[in-house]
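Have a look at the structure below, then the notes.
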Amino acid sequence: MTRDKVAQMIAERFPDVPGQLAVDVPAGEDKPPNVCDYGNPRCGAVPVRFYPNGWKCDEHQPARTSRRTTP
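Here it is as structure tokens:
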């Protein structure tokens, strides 16, 4: 069975169900990128990841989540 035939059968069986609805979606806000919020003044490095204590760069990530390197 082809896709067109299936679409036609669905349209005949459920005539009150509309297809895709065209909706005007407002443009998103231009937000500045997230930066590392370690220290005072802030580190400000990019890219960052979110941790329970905030946005941190690789250098300032929490000790329990830091990548361990083997010698």
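If you read the sequence shown in our numbering, its first letter stands for residue 1251, the second for the next number, and so on.
Glycine is no exception: its CB is placed at the ideal position from the N, C-alpha and C atoms.
If you're wondering where the values come from, they're calculated on a predicted model, not measured in any experiment.
### Query
Do the CB positions of Pro-1283 and Val-1273 come within less than 7 Å of each other?
By 1-based counting over the sequence shown, the position of residue 1283 is 33. By 1-based counting over the sequence shown, the position of residue 1273 is 23. For the 7 Å CB-CB criterion, Pro-1283 and Val-1273 do not form a contact.
### Task
To the nearest angstrom, report how far apart Trp-1305 and Glu-1279 are at their CA atoms.
Walking along the sequence shown from the start, residue 1305 turns up at place 55. Walking along the sequence shown from the start, residue 1279 turns up at place 29. Going by the C-alpha atoms only, they are around 20 Å apart.
### Query
Quick one: what does DSSP say Lys-1281 is sitting in, helix, strand or coil?
Position 31 of the sequence shown holds residue 1281. Of the three classes helix, strand and coil, the one that applies to Lys-1281 here is coil, per DSSP.
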